[in-house]
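In the numbering used here, the protein residues as written are 2 to 327.
Even for Gly, the Cβ is constructed at its ideal location relative to N, Cα and C.
For clarity, every value in this text was computed on a predicted model and none was experimentally measured.
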């Protein structure tokens, strides 16, 4: 039987992978086919240099408009500013709940699973992840530490389910795969405008030359949405700015469905994403610094907007139409 190849290495890593293709499930084989490397990708260095220079020059021009304001640009901020601008400007009213916290625990448990040197069962990984996060110095810790036992049990059940589902979907990854979890990417190192993200799974590494080897993977639950692809494109741009080597592929992996939505990174992808990112920063400055009038854009975010049922007739009408459709 064939050895499981490194999905980011054209030559494969047979000596580093004890697992055989015959040992993989159908889902794991499908995921391997999506992630494994194909023809090596080389981006034109002149294109990369021009793209990075254009982004850097435009952001430098934005600095004069900031009036000492600092902008932290993430995929969420970009998606928000291109949605309903009125909602975008509302004060952050984030609250932890069992669904969001359970996702964080599951992500940490998957991180432990991929990096443990000894075998561990999903329930044990989830318990260890829970305790780590409950004892960390961050807002999630207080929420987890104060959970009643019944809610903790439900959160644990959800997280264990996600870890087992991940194990069912992803083939074992040998060390040569160079897989990283919750990998932070940021550009530039300092300044009043910073682009930042955290990739669920980053597979591969650029260790020699300029061959594009990295695959960026976002793990998703629930339904697919167009913004998921835009999120990964933003990550690809930030990675290109920081390393001058674009990733070769992007994948939103939907665990519930056992399917990946993939996209090869191209010059066109990066150009369009740079334009979208700069347009978003420009609009953010107009709204937050220069006092532009925000535009209402009813949409799916109305479902959790505090204005939709009280002060926003457009949002209320949108939700009423959705209810009629359902």
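* Asked: Which of helix, strand or coil does DSSP assign to residue 216?
  -> strand
* Distance, Cα to Cα, residue 172 vs residue 230? -> 23 Å
* Per DSSP, residue 255 forms a beta bridge with which residues? -> 221 and 260.
* To do: Determine which residues share a DSSP beta bridge with residue 204 and list them.
  => 180 and 216
* When the Cα of residue 77 is compared with those of 228, 63 and 251, which residue comes out closest? -> 228
* Asked: So, helix, strand or coil for residue 250, using DSSP?
  -> The DSSP-derived three-state label of residue 250 is strand.
* Asked: Closest to residue 32 by CA distance: which of 281, 259, 45 and 49 is it?
  -> 259
* To do: With a threshold of 16 other CB atoms inside 10 Å of the CB of residue 226, please say whether the residue is buried or exposed.
  => Under a 10 Å Cβ-count criterion, residue 226 is classified as exposed, with fewer than 16 other Cβ atoms of the shown protein chains found around its own Cβ.
* Asked: Do residue 198 and residue 186 come within 8 Å of each other at the CB atom, strictly closer than that value?
  -> yes
* With a cut-off of 8 Å, do at least 3 Cβ pairs link the segment 296-307 to the segment 80-87? -> With the rule of 3 Cβ pairs closer than 8 Å, the segment 296-307 counts as touching the segment 80-87.
* **Residue(s) in a DSSP beta bridge with residue 195** => 73
* For residue 302, which of helix, strand or coil comes out of DSSP? -> helix
* Terminal residues of the continuous alpha helix (DSSP H) containing residue 244? -> Taken as a continuous stretch (DSSP letters only), the alpha helix (DSSP H) holding residue 244 covers 227-244.
* Nearest to residue 213 by CA position, among 181, 195, 189 and 251, is which residue? -> 251
* Residues bridged to residue 186 [DSSP beta-bridge criterion] -> 198
* Asked: Does the pairing of the segment 177-186 with the segment 129-140 give three or more beta-carbon distances under 8 Å?
  -> Segments in contact, no.
* Asked: Is residue 285 buried or exposed, if buried means 16 or more other CB atoms sit within 10 Å of its CB?
  -> buried
* Asked: Applying the criterion that 16 or more other CB atoms from any shown protein chain within 10 Å of the CB defines a buried residue, is residue 109 buried or exposed?
  -> buried
* What is the DSSP secondary structure of residue 294, reduced to helix, strand or coil? -> coil
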